[in-house]
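Position one of the sequence shown corresponds to residue 73 (our numbering), numbered consecutively onward.
C-beta atoms are modelled at their ideal positions from N, C-alpha and C, and glycine is treated no differently.
Quantities reported herein were computed from a predicted structural model and do not represent experimental measurements.
First comes the structure, then the notes that go with it.
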Amino acid sequence: MSGRLDLITSWPEALSAILPKLNASIMRLPQSLFLLAVAGSTARASNDKIPRPRGVAPEFAKFYQDQETFTCISNPSVKIPFSAVNDDFCDCPDGSDEPGTSACSHLSRNSPLTVAERPGNSEEELVVSLPGFYCKNKGHRPSFVPFQRVNDGICDYELCCDGSDEWARPGGTKCEDRCKEIGKKWRKEEEQRQKSMTAALKKKKELLVDAGRQVQEIQDHVIRLEAEIKGSEVKVEGLEAELKKAEDEERKVVRSSGKGKGKVNALAGVAKGRVEELRDALSVVRGQRDEARSRLKELEDILSKFKVEYNPNFNDEGVKRAVRGWEDYAARELGNDENADEERDLDEIAKPDDENSGVDWAHWENTEDGCNESDILYKIAAWLPPTLVNFLEDQFFSLKAFLESSNIIAKTEEGSTSESKALTEARNALKSEEDTLKDLKNKLRDQHADLEKDYGTAGIFRALKGQCIKQDAGEYTYEHCFLEDTKQLQRKGGSSMSMGKFVRIGYTSVEELNEAGDVISIEKISLEYDRGQSCWNGPSRSTKVVLECGEQNEILKTAEDEKCVYSMLVTTPAVCPGGDEGDSAPRSKDEL
73 MSGRLDLITS
83 WPEALSAILP
93 KLNASIMRLP
103 QSLFLLAVAG
113 STARASNDKI
123 PRPRGVAPEF
133 AKFYQDQETF
143 TCISNPSVKI
153 PFSAVNDDFC
163 DCPDGSDEPG
173 TSACSHLSRN
183 SPLTVAERPG
193 NSEEELVVSL
203 PGFYCKNKGH
213 RPSFVPFQRV
223 NDGICDYELC
233 CDGSDEWARP
243 GGTKCEDRCK
253 EIGKKWRKEE
263 EQRQKSMTAA
273 LKKKKELLVD
283 AGRQVQEIQD
293 HVIRLEAEIK
303 GSEVKVEGLE
313 AELKKAEDEE
323 RKVVRSSGKG
333 KGKVNALAGV
343 AKGRVEELRD
353 ALSVVRGQRD
363 EARSRLKELE
373 DILSKFKVEY
383 NPNFNDEGVK
393 RAVRGWEDYA
403 ARELGNDENA
413 DEERDLDEIA
423 KPDDENSGVD
433 WAHWENTEDG
443 CNESDILYKI
453 AAWLPPTLVN
463 FLEDQFFSLK
473 AFLESSNIIA
483 KTEEGSTSES
493 KALTEARNAL
503 KSEEDTLKDL
513 KNKLRDQHAD
523 LEKDYGTAGI
533 FRALKGQCIK
543 QDAGEYTYEH
553 CFLEDTKQLQ
563 RKGGSSMSMG
573 KFVRIGYTSV
583 EELNEAGDVI
593 SIEKISLEYD
603 RGQSCWNGPS
613 RSTKVVLECG
623 EQNEILKTAE
633 DEKCVYSMLV
643 TTPAVCPGGD
653 EGDSAPRSKD
663 EL
């Protein structure tokens, strides 16, 4: 116990001994380092305690750190005392010195003031650096309120649920903090939106799968059509050959021309052709005969010389037999020596026919006989006894039947000029196959055109083509069939009117207000329909269908923007952002 008392009583003395040494050590530190450490510590403490000016979002706090001078954000050449921030007077060209008041609200493009009334009187100077008055909205989402709404006497709970935008309480306005209940409601709605978006993306995926399946089916069909076309082309070639063969056979058949000339004329034409063929064949045979005679004469000369010059004393039985054979051949009297009269006859036959020599074919081909098969017989029968006439009739008709059955002459009715059945069938078969080939090529062309057609990103609208949705509006029902047409249906009476047929997929700009109150242009996918029913004393009706992301295919609104020009607002999962093909349409905020 006494030891502890000694320690306590000696503590002041020990401390007095240590302090001088500690002070000396501190004094030995470089003065600049000590001052820097103190300044840094002081600055950190000071910065941590500097509050953001009213209406400044955390991301803009860095511009408001200097408590002495404020530099305009978009115009750094303009500097003002920091005390001028939020003094309800617009000093900066970009309005950044008034984040918590409405003093610079006239800089917004949505301000009711005209350009002439704005400071600077120039459109180019209207560069607003801040998106609006920042509301913390604790318990909900932070948000920006347009500067025009700050201290306007209205509680803007949809943007500023904590009521901080009416901080001056103009006219006694007091906006209580409702962020807790509004945030709870929003989170519940957001959860539902997320569920709806998930369902929409699932449906979008199904549409993409369906579109891909349809494309694959078309590609498979193209392959089949190409194979069928090749097969049909081969068939056409074969049928063309068969038709040519049938036509050649038809030319050999004796047939009346049906133009006032009888079958004698037709027979003359056939006979002329056959004679020409025989004359040509005779010329060829005579040439072959002359060549054979020349070779025979050459061989005879060789054997004759061999007989004279060979050595009979040479005992070669083969040679002796050959000589004896030649002697026997030479001793025989040949009966096929060239006959001058026969040669003259052949020369005469080989001459072409004309009116002075041979057969005058022109006479027989152009002379009208003016009688049918039986006329000639009865003209002859007039000079014969009756018994002989009956015999000739029997023989004539028997011969005619034989010639017809042998397809030497055509079997036709009196005065008929029809072709043979074989030729008709060959021609019809060729025409039928040519029609089939043409139809296949048309189908192939249509399939290729369909593959090249624009069906949107990843061809997703292919899966929607032909699907129809309706909207009841007063006495009318509006119908939209994707990529086909739009209609206006009379609810009473059932009449319908075309509002346009599908033309193309395009994009259209839609103007909307953002959270800062500025008008912005958003590009959306649109379906354009044209060439509808004509208006009385006006143009043809047309419709532009603007698409938005939605879980269901649904018409939200139909309007006649101008005479006979309509617009529809339609939701569909096909344009929801995300999915396998990426964002399908530009957007500036959550669609759902």
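In its own chain, which residues sit with a C-beta less than 7 Å from the C-beta of residue 276, not counting the 5 before and 5 after it?
-> In the sequence shown, counting from the first residue as 1, residue 276 sits at position 204. So the list reads 645, 646, 648 and 651, once near-sequence residues are dropped.
Continuous beta strand (DSSP E) assignments of at least 3 residues falling wholly in the stretch 351–378 | none
Can you find at least 3 beta carbon pairs, one from the stretch 153–165 and one from the stretch 134–143, that sit closer than 8 Å?
-> yes
Keeping to the same chain, check which residues put their C-beta closer than 6 Å to that of residue 286; ignore five residues upstream and five downstream.
-> Against the sequence shown, residue 286 aligns to sequence position 214. Within the same chain, residue 286 has close Cβ partners 534.
Where DSSP assigns a beta bridge to residue 640, which residues make up the other side?
-> Residue numbering aside, residue 640 sits at position 568 when the sequence shown is read from its first letter. The partner list for residue 640 (beta bridge, DSSP) reads 617 and 630.
For residue 544, which residues does DSSP report across the bridge?
-> In the sequence shown, residue 544 corresponds to position 472, counting from 1. In the DSSP output, where bridge partners are listed per residue, residue 544 has 549.
Alpha-carbon spacing of residue 642 relative to residue 538, whole angstroms | What you label residue 642 is simply residue 570 of the sequence shown in a count that begins at 1. What you label residue 538 is simply residue 466 of the sequence shown in a count that begins at 1. Their Cα atoms are separated by approximately 15 Å.
DSSP state of residue 233, grouped into three classes?
-> In the sequence shown, counting from the first residue as 1, residue 233 sits at position 161. The answer is coil: DSSP assigns residue 233 none of H, G, I, E or B.
Please confirm whether residue 582 and residue 618 have their CB atoms less than 9 Å apart.
-> What you label residue 582 is simply residue 510 of the sequence shown in a count that begins at 1. What you label residue 618 is simply residue 546 of the sequence shown in a count that begins at 1. Their beta carbons are under 9 Å apart, which means residue 582 touches residue 618 by this criterion.
Measure the CB-CB distance between residue 604 and residue 629 and report whether it falls below 9 Å.
-> On the sequence shown, residue 604 is found 532 positions in, with the first residue counted as 1. On the sequence shown, residue 629 is found 557 positions in, with the first residue counted as 1. No, the Cβ-Cβ distance between residue 604 and residue 629 is not below 9 Å.
Give me the Cα-Cα distance between residue 543 and residue 296, rounded to the nearest whole angstrom.
-> By one-based count along the sequence shown, residue 543 stands at place 471. By one-based count along the sequence shown, residue 296 stands at place 224. Cα to Cα, the separation comes out at about 42 Å.
Output the distance between the C-alpha atoms of residue 501 and residue 302, rounded to the nearest integer angstrom.
-> One-based indexing of the sequence shown puts residue 501 at position 429. One-based indexing of the sequence shown puts residue 302 at position 230. Approximately 17 Å, taken between the alpha carbons.
Does the distance from the CB of residue 171 to the CB of residue 125 come in under 9 Å?
-> The residue you call residue 171 lines up with position 99 of the sequence shown. The residue you call residue 125 lines up with position 53 of the sequence shown. The answer is yes: Cβ separation under 9 Å.
Thinking C-alpha only, which one of 353, 220 and 207 is nearest residue 179?
-> By 1-based counting over the sequence shown, the position of residue 179 is 107. The candidate whose alpha carbon is nearest that of residue 179 is 220.
Reduced DSSP category for residue 579 - H, G, I as helix; E, B as strand; rest coil | Translated into positions along the sequence shown, residue 579 becomes position 507. Residue 579: strand per DSSP, three-state reduction.
With 16 as the cutoff for other CB atoms within 10 Å, does residue 359 come out buried or exposed?
-> Numbered from its first residue, the sequence shown carries residue 359 at position 287. Its Cβ having fewer than 16 others within 10 Å, residue 359 is exposed.
From the DSSP output, read off the bridge partner residues of residue 591.
-> In the sequence shown, counting from the first residue as 1, residue 591 sits at position 519. Answer by DSSP bridge pairing, in chain order: 585.
Nearest to residue 615 by CA position, among 562, 627, 608 and 599, is which residue?
-> Looking up residue 615 in the sequence shown gives position 543. The residue with the shortest Cα to Cα distance from residue 615 is 599.
For residue 579, count neighbouring Cβ atoms within 10 angstroms of its own Cβ and tell me buried if that reaches 16, exposed if not.
-> Your numbering for residue 579 matches position 507 in the sequence shown. Result: exposed.
Just checking, does the stretch 299–314 make contact with the stretch 491–507 on the three C-beta pairs under 8 Å criterion?
-> yes
Would you mind reading off the limits of the beta strand (DSSP E) that contains residue 152?
-> Start at 1 with the first residue of the sequence shown, and residue 152 comes out as number 80. Its beta strand (DSSP E) spans residues 151–153.
Take residue 212 and list the residues in its own chain whose beta-carbon comes closer than 7 Å to its own, dropping the five residues that flank it on each side.
-> Within the sequence shown, residue 212 is the residue found at index 140, counting from 1. Answer for residue 212: 233, 251, 254, 255 and 258, listed in chain order.
Does the distance from the C-beta atom of residue 166 to that of residue 200 stay below 9 Å?
-> On the sequence shown, position 94 is the one that residue 166 refers to. On the sequence shown, position 128 is the one that residue 200 refers to. A contact, by the Cβ cut-off of 9 Å.
Please work out which residues of its chain come closer than 7 Å, Cβ to Cβ, to residue 210, disregarding the five sequence neighbours upstream and downstream, and give them in chain order.
-> Counted from its first residue, the sequence shown places residue 210 at position 138. Only 234 and 251 meet the Cβ criterion.
Excluding the 5 residues preceding and the 5 following residue 128 in the sequence, name in chain order all residues of the same chain whose CB lies nearer than 7 Å to its CB.
-> Position 56 of the sequence shown, counting from 1, holds the residue named residue 128. These residues qualify, in order along the chain: 136, 171 and 206.
Sheet register partners of residue 205 (DSSP bridge) = Numbered from its first residue, the sequence shown carries residue 205 at position 133. The partner list for residue 205 (beta bridge, DSSP) reads 217.
CB of residue 555 within 9 Å of CB of residue 322, strictly | In the sequence shown, counting from the first residue as 1, residue 555 sits at position 483. In the sequence shown, counting from the first residue as 1, residue 322 sits at position 250. For residue 555 and residue 322, no; Cβs fall outside 9 Å.
Evaluate residue 552 with the Cβ neighbour count: other Cβ atoms within 10 Å of its Cβ, from every protein chain shown; 16 or more gives buried, anything less gives exposed.
-> In the sequence shown, residue 552 corresponds to position 480, counting from 1. Residue 552 comes out buried.
Mind checking residue 177: buried by the 16 CB within 10 Å criterion, or exposed?
-> Residue 177 sits at position 105 when you count from the first residue of the sequence shown. Buried: at least 16 other Cβ atoms inside 10 Å.
Taking all protein chains shown into account, decide if residue 270 is buried (16 or more other Cβ within 10 angstroms of its Cβ) or exposed.
-> Taking the first residue of the sequence shown as 1, we reach residue 270 at position 198. Residue 270 is exposed by the Cβ-count criterion.
Between the CA atoms of residue 138 and residue 596 - distance to the nearest angstrom | Position 524 of the sequence shown holds residue 596. Position 66 of the sequence shown holds residue 138. Cα-Cα distance, rounded: 44 Å.
Hey, would you say the C-beta of residue 299 is under 8 Å away from at least one heavy atom of the ligand GTP?
-> The model on display carries no ligand, and the ligand GTP is accordingly not part of it.
Residue 571 and residue 527 closer than 9 Å at C-beta = Locating residue 571 in the sequence shown gives position 499, counting from the first residue. Locating residue 527 in the sequence shown gives position 455, counting from the first residue. No, the pair does not count as a contact, with Cβ atoms beyond the cut-off.
Check whether the Cβ atoms of residue 372 and residue 402 lie closer than 9 Å to each other.
-> The residue you call residue 372 lines up with position 300 of the sequence shown. The residue you call residue 402 lines up with position 330 of the sequence shown. Their beta carbons are under 9 Å apart, which means residue 372 touches residue 402 by this criterion.
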